[in-house]
Structures are given as C-alpha cells and as structure tokens.
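K.L.:
Take a look at the following structure, please.
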Amino acid sequence: MATFDPKEHPHIRYNPLMENWVTVSPHRMKRPWKGQVEKPEEAVIPRYDPSNSLCPGNTRSSGKVNPQYEGTFLFDNDFPALLKDGPSPPPNSDPLFQSAPAYGACQVMCFHPHSDLTLPLMSQSEVREVIDKWTEINIDLGKKYTWVQIFENKGNIMGCSNPHPHCQVWASSYLPNDPATKHRTQKAYYDKHQVPMLVDYVKKELQNKERVVLENEHWVWLVPYWAVWPYETMLLPKRHVLRLQDLTPDERDALADIMKKLLTKYDNLFEVSFPYSMGWHGAPTGEYLQEDNSHWQLHALYFPPLLRSATVKKFMVGYEMLAQSQRDLTAEQAAEKLLSLPDVHYKSRKS
Numbered sequence: 013m014a015t016f017d018p019k020e021h022p023h024i025r026y027n028p029l030m031e032n033w034v035t036v037s038p039h040r041m042k043r044p045w046k047g048q049v050e051k052p053e054e055a056v057i058p059r060y061d062p063s064n065s066l067c068p069g070n071t072r073s074s075g076k077v078n079p080q081y082e083g084t085f086l087f088d089n090d091f092p093a094l095l096k097d098g099p100s101p102p103p104n105s106d107p108l109f110q111s112a113p114a115y116g117a118c119q120v121m122c123f124h125p126h127s128d129l130t131l132p133l134m135s136q137s138e139v140r141e142v143i144d145k146w147t148e149i150n151i152d153l154g155k156k157y158t159w160v161q162i163f164e165n166k167g168n169i170m171g172c173s174n175p176h177p178h179c180q181v182w183a184s185s186y187l188p189n190d191p192a193t194k195h196r197t198q199k200a201y202y203d204k205h206q207v208p209m210l211v212d213y214v215k216k217e218l219q220n221k222e223r224v225v226l227e228n229e230h231w232v233w234l235v236p237y238w239a240v241w242p243y244e245t246m247l248l249p250k251r252h253v254l255r256l257q258d259l260t261p262d263e264r265d266a267l268a269d270i271m272k273k274l275l276t277k278y279d280n281l282f283e284v285s286f287p288y289s290m291g292w293h294g295a296p297t298g299e300y301l302q303e304d305n306s307h308w309q310l311h312a313l314y315f316p317p318l319l320r321s322a323t324v325k326k327f328m329v330g331y332e333m334l335a336q337s338q339r340d341l342t343a344e345q346a347a348e349k350l351l352s353l354p355d356v357h358y359k360s361r362k363s
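If you count the sequence shown from 1, position 196 lands on 208 in the working numbering, and the numbers rise without skipping.
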C-alpha cells in the first residue's frame with residue numbers, strides 16, 4: 013500500500029475549537045474543470061452616489077440624514093435583527109419546544125466616506141482608524157451585552173447589497189452558538205494544558221511555517237489546519253490577548269499593516285475585489301468581564317467562497333449540508349498559493 017500523502021489522499025481533519033471534522037479530498041483538484049473561468053468585468057463604483065444610503069450627507073430609508081463624515085461613521089441599524097427591549101417568550105416545560113429571551117443592539121459602521129474604496133485600497137492610517145473604532149464599539153456595547161459580534165460581508169456574492177465599505181455589529185444578551193462552543197473548548201484545553209489553545213496553536217504553526225502566509229512583529233496570518241472554505245484564513249496576535257481593547261498601540265499599527273497586506277493578497281488571487289465574510293472572536297463581555305477568561309485568545313476569521321476563479325463560488329450543499337464539511341484544496345496548498353501572490357495591489361500595478 014502507498015504511503016499516505018496529505019496532498020494526494022483523502023483524510024479528515026479535526027477542528028479542536030469547534031469540535032468537528034472536515035473531509036479533505038485533494039485528489040479531486042485533478043479532475044477536469046469545465047465551469048466558468050473568465051474574469052467578470054468590474055463594476056465602476058462612483059466615489060459618491062446620491063442614491064447610496066451610506067454616503068455622507070445622504071438620507072437613509074429611515075429618513076435619517078448621514079452627517080458629512082470624513083472618517084468612520086457609526087449608526088444604529090435601521091433594520092436591526094435584535095431589539096434593545098420587548099416581551100420575553102413564556103416558559104415551556106416541553107424539552108422539544110424551548111425558547112429564551114433575545115435582546116441586543118445592531119449597528120452599521122462605514123469605514124470611509126468614499127464608496128469606491130475597500131480596506132486594501134485605504135491607507136494604513138485609515139485602516140488603523142477602523143481598528144480603533146472597532147475597539148471603541150467593543151468597549152461600549154460590551155459593558156451591557158454578553159457578546160459583541162463585529163463582522164463584514166464583502167461583495168454581492170456574500171449577500172452584501174451596498175458596495176460602500178462598511179461592516180456590521182450585532183451585540184446580544186446571550187452567547188451565540190459558535191462563541192459558546194469556543195468558550196467551552198478553549199476552557200477545557202486551558203484546564204488540561206495550562207496554556208490557551210490558540211496561543212499554543214500559533215507557536216506550533218510558527219515552528220513549521222507550512223500554513224503561515226504573512227507575519228510581522230505582532231501578528232500571524234495563516235490558513236488553519238482545519239480550514240473548511242477554499243482560502244479560509246485566521247488572523248492572530250503573537251502574544252496572549254483577550255479582546256480588541258487589550259491591544260497596545262504598536263499592536264494596532266501592526267494589525268493595520270497586516271490587514272492591508274492580507275486583503276491585498278486576497279484581491280490579487282483572481283484580480284477582483286475579493287468577497288468574504290469576516291469577523292472577530294474574543295473573550296465574551298457583559299457579565300463575563302468580571303470572570304477569568306484566560307483561556308480565550310483574540311482572533312479574526314476570514315471565510316471567502318471563491319475556489320477556481322473570480323466567478324466560481326463554493327456552495328455548502330449535498331454532503332456538506334447533510335453529513336460534514338468537505339474541501340478539495342488542502343490548507344497547505346491554499347497557504348502556498350496566497351504566499352506566492354504579489355504584495356502590491358493589482359489596481360496599483362495597472363495604474
């Protein structure tokens with residue numbers, strides 16, 4: 013029998029953060045591809061659009077008028093998924109029909125007044141301003157809410173209906189499913205090994221460099237060993253950090269630097285404004301601020317859907333929906349591809 017080769021033979025990989033497995037089928041990358049490969053024509057996005065509700069000075073659907081903002085701009089979501097108050101569902105003794113109260117606050121944050129910019133095209137100081145605002149939000153909403161989820165959906169393919177550079181924040185009175193799982197798994201690992209799981213993980217990834225794409229003095233950008241999406245990545249600090257507000261000024265500067273570089277590499281992959289969903293995970297807030305959360309490690313997650321070209325999205329269907337996540341491209345192959353990409357944005361090279 014042939015010797016196992018992770019780049020050739022099917023296998024499964026374990027995600028200790030989420031306690032689940034992903035099927036890896038690298039041999040499938042050899043199959044002929046007859047799907048779309050052409051690059052779509054990029055939409056011309058005006059710097060200012062009088063009909064865009066996120067532009068400075070424009071009126072939103074709620075009737076509220078945006079200020080003439082020159083940096084970041086934060087406002088309460090006009091169509092929030094969670095409300096700050098309201099009636100609670102009645103108790104039910106039936107274990108099959110359980111519900112619980114859900115309160116929260118939803119906000120929208122514009123990164124920049126110009127609609128034709130994205131984070132990799134902004135200056136490093138402008139990216140740093142975004143990071144500072146994220147930190148303020150986490151502190152402010154974290155005083156009241158258990159979980160503050162900062163996330164960005166970028167691109168039409170990810171359901172983003174507005175091209176203006178922005179993200180969302182959903183703060184909740186409860187700990188959502190994925191953070192709740194990570195809270196438990198990281199605690200169990202810490203109790204057993206006396207070191208935070210992701211601190212240990214980064215140390216080991218930096219030793220072999222097999223999945224590391226970028227690093228600087230304070231941060232590491234890598235493809236997780238257990239990645240599900242084709243070019244899924246994780247961004248982590250090199251030291252133990254619980255929340256965004258625990259970052260030093262130097263770490264924030266270094267974060268702006270590596271974010272701009274990593275998002276440039278993403279765009280350069282297929283020479284398109286790369287779509288993704290991303291978000292920050294750190295120690296819970298609210299009542300958890302009074303507890304020991306030493307087992308937590310701050311990290312950002314990037315989930316891009318593209319696999320073979322700018323037009324081909326990987327969907328979680330069939331086996332993935334009914335059995336278990338599956339990928340063809342290995343984490344190591346994805347890291348190698350991203351590492352090989354230029355650090356200069358393709359739009360700058362062509363200008």
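Note that beta-carbon positions come from the ideal geometry of N, C-alpha and C, so glycine has one too. Since we're looking at a predicted model, the values are computed, not measured.
For the beta strand (DSSP E) containing Asn32, name the first residue and the last one.
P.N.:
Position 20 of the sequence shown, counted from the start, is the residue given in the question as residue 32. Where Asn32 is concerned, the enclosing beta strand (DSSP E) stretches over 32–36.
K.L.:
Restricting to runs no shorter than 4 residues, where is the alpha helix (DSSP H) found entirely within the segment 228–291?
P.N.:
You should have 261–282.
K.L.:
Which of the three DSSP states is assigned to Val160 in this structure?
P.N.:
Position 148 of the sequence shown, counted from the start, is the residue given in the question as residue 160. In this structure, Val160 counts as strand in the three-state DSSP scheme.
K.L.:
Could you please give me the residues that DSSP links to Val181 through a beta bridge?
P.N.:
Stepping through the sequence shown from its first residue, residue 181 is reached at position 169. Gln119, Ile162.
K.L.:
Consult DSSP for Gln205 and reduce its assignment to one of helix, strand or coil.
P.N.:
For the purposes of this step, residue 205 is taken as the residue at position 193 of the sequence shown. Per the sequence shown, the amino acid found at residue 205 is His instead of Gln. Here His205 sits in helix by DSSP.
K.L.:
Looking at C-beta atoms only, is the number of pairs between the segment 292–310 and the segment 248–262 that lie closer than 8 Å three or more?
P.N.:
Result yes; three or more Cβ-Cβ pairs closer than 8 Å.
K.L.:
Could you spell out the range, first to last residue, of the alpha helix (DSSP H) harbouring Asn174?
P.N.:
By one-based count along the sequence shown, residue 174 stands at place 162. That residue, Asn174, is in no alpha helix (DSSP H); it is neither H nor E in DSSP.
K.L.:
Starting from the C-beta of Asn165, find all residues in its chain whose C-beta is less than 7 Å away, skip the five residues before and the five after it, and write them out in chain order.
P.N.:
Position 153 of the sequence shown, counting from 1, holds the residue named residue 165. Gly171, Cys172, Ser289, listed in sequence order.
K.L.:
At a Cβ threshold of 7 Å, is His252 touching chain B?
P.N.:
Absence of chain B from the displayed structure is noted, only one protein chain being present.
K.L.:
Could you pull out every residue in the same chain whose Cβ sits closer than 7 Å to the Cβ of Lys145, ignoring the five residues on either side in sequence?
P.N.:
Taking the first residue of the sequence shown as position 1, residue 145 is located at position 133. Hits under 7 Å: Thr84, Leu86, Met121.
K.L.:
Could you have a look at Thr193 and say whether DSSP puts it in helix, strand or coil?
P.N.:
One-based indexing of the sequence shown puts residue 193 at position 181. Correct three-state label for Thr193: helix.
K.L.:
In the structure shown, what three-state DSSP assignment does Thr84 receive?
P.N.:
Here the question's residue 84 lines up with position 72 in the sequence shown. Note: Thr84 maps to coil in three-state DSSP.
K.L.:
Among Pro28, Glu229, His23, Leu281, which one has its Cα closest to the Cα of Pro38?
P.N.:
Residue 38 sits at position 26 when you count from the first residue of the sequence shown. If we check each option's Cα against that of Pro38, His23 comes out closest.
K.L.:
Just checking my contact of Ile151 with Gln257 at CB under 8 Å: how many whole Å lie between their CB atoms?
P.N.:
Within the sequence shown, numbered from 1, the residue matching residue 151 stands at position 139. Within the sequence shown, numbered from 1, the residue matching residue 257 stands at position 245. Contact flag correct, Cβ pair sits at about 5 Å.
K.L.:
Pop quiz: Pro177 and Phe123 are said to be a contact at Cβ under 8 Å. What is the actual Cβ separation, rounded to whole angstroms?
P.N.:
Translated into the one-based positions of the sequence shown, residue 177 becomes position 165. Translated into the one-based positions of the sequence shown, residue 123 becomes position 111. Yes, Pro177 and Phe123 are in contact; Cβ-Cβ is about 4 Å, under 8 Å.
K.L.:
Which residues does DSSP list as the beta-bridge partners of Thr71?
P.N.:
In the sequence shown, counting from the first residue as 1, residue 71 sits at position 59. Bridge partners of Thr71: Val77.
K.L.:
Quick one: residues in its chain with C-beta nearer than 7 Å to the C-beta of Leu129, no 5 flanking neighbours on either side, listed in chain order?
P.N.:
Reading the sequence shown from its first residue, position 117 is the one you call residue 129. Only Pro177 meet the Cβ criterion.
K.L.:
Just confirm the distance between the C-beta atoms of Pro113 and Ser185, as a whole number of angstroms; I'd bet it's less than 8 Å.
P.N.:
In the sequence shown, the residue the question calls residue 113 occupies position 101. In the sequence shown, the residue the question calls residue 185 occupies position 173. Indeed they touch by this definition, with Cβ atoms about 7 Å apart.
K.L.:
Could you give the DSSP three-state label for Arg140: helix, strand or coil?
P.N.:
The count along the sequence shown starts at 1 and reaches residue 140 at position 128. Three-state DSSP puts Arg140 in a helix.
K.L.:
With a CB to CB cut of under 6 Å and the five nearest residues on each side skipped, what residues in its chain are close to Val181?
P.N.:
Within the sequence shown, residue 181 is the residue found at index 169, counting from 1. Excluding residues within five positions, the ones whose Cβ falls inside 6 Å are Gln119, Ile149, Ile162.
K.L.:
Taking a contact to mean a Cβ-Cβ separation below 7 Å, would you say Val225 touches Ser337 in this structure?
P.N.:
Counting from 1 along the sequence shown, the entry for residue 225 is found at position 213. Counting from 1 along the sequence shown, the entry for residue 337 is found at position 325. Cβ atoms of Val225 and Ser337: not closer than 7 Å.
K.L.:
Name the one or two DSSP bridge partners that Tyr26 has.
P.N.:
By 1-based counting over the sequence shown, the position of residue 26 is 14. Answer is Trp33.
K.L.:
Candidates Ala322, Cys179, Tyr300, Asp304: which alpha carbon is nearest Lys156's?
P.N.:
Reading the sequence shown from its first residue, position 144 is the one you call residue 156. Checking every option, the nearest Cα to that of Lys156 belongs to Tyr300.
K.L.:
Measure from the alpha carbon of Ser74 to the alpha carbon of each residue in Asp88, Glu82, Gln80, then state which is nearest.
P.N.:
For the purposes of this step, residue 74 is taken as the residue at position 62 of the sequence shown. Of the listed residues, the one whose Cα sits closest to Ser74 is Asp88.
K.L.:
Given that a residue counts as buried once 16 or more other Cβ atoms are within 10 Å of its Cβ, and exposed if not, what is Gly47?
P.N.:
Position 35 of the sequence shown, counting from 1, holds the residue named residue 47. Model confidence at Gly47 stands at a pLDDT of 43, short of 50, so the residue's coordinates are unreliable; what they give is reported in the following sentence. Its Cβ having fewer than 16 others within 10 Å, Gly47 is exposed.
K.L.:
Do you know how far the Cα of Lys199 is from the Cα of Asp61?
P.N.:
As a working note, residue 61 is residue 49 in the sequence shown. As a working note, residue 199 is residue 187 in the sequence shown. Straight-line Cα distance between these residues: approximately 48 Å.
K.L.:
Expressed to the nearest angstrom, what Euclidean distance is found between the alpha-carbon atoms of Val329 and Ile169?
P.N.:
As a working mapping, residue 329 is identified with position 317 in the sequence shown. As a working mapping, residue 169 is identified with position 157 in the sequence shown. Cα to Cα, the separation comes out at about 16 Å.
K.L.:
Consult DSSP for Glu344 and reduce its assignment to one of helix, strand or coil.
P.N.:
Within the sequence shown, residue 344 is the residue found at index 332, counting from 1. Glu344: helix per DSSP, three-state reduction.
K.L.:
Can you tell me whether Tyr314 is helix, strand or coil according to DSSP?
P.N.:
Against the sequence shown, residue 314 aligns to sequence position 302. Correct three-state label for Tyr314: strand.
K.L.:
Rounded C-beta distance between Ala335 and Val235? I'm assuming under 8 Å.
P.N.:
Taking the sequence shown and counting its residues from 1, one reaches residue 335 at position 323. Taking the sequence shown and counting its residues from 1, one reaches residue 235 at position 223. Rounded, the Cβ-Cβ distance is 23 Å, inconsistent with contact.
K.L.:
Smallest Cα separation from Glu344: which of Thr15, Glu138, Glu20?
P.N.:
Residue mapping note: residue 344 aligns to position 332 of the sequence shown, counting from 1. Here the closest residue by C-alpha is Glu20.
K.L.:
Near Cys67, what residues of its chain come up, given a Cβ to Cβ distance below 8 Å and the 5 sequence neighbours on each side ignored?
P.N.:
Residue numbering aside, residue 67 sits at position 55 when the sequence shown is read from its first letter. For Cys67, where only same-chain residues beyond five positions count, the Cβ hits under 8 Å are Tyr60, Asp61, Asn78, Pro125, Ser127, His176.
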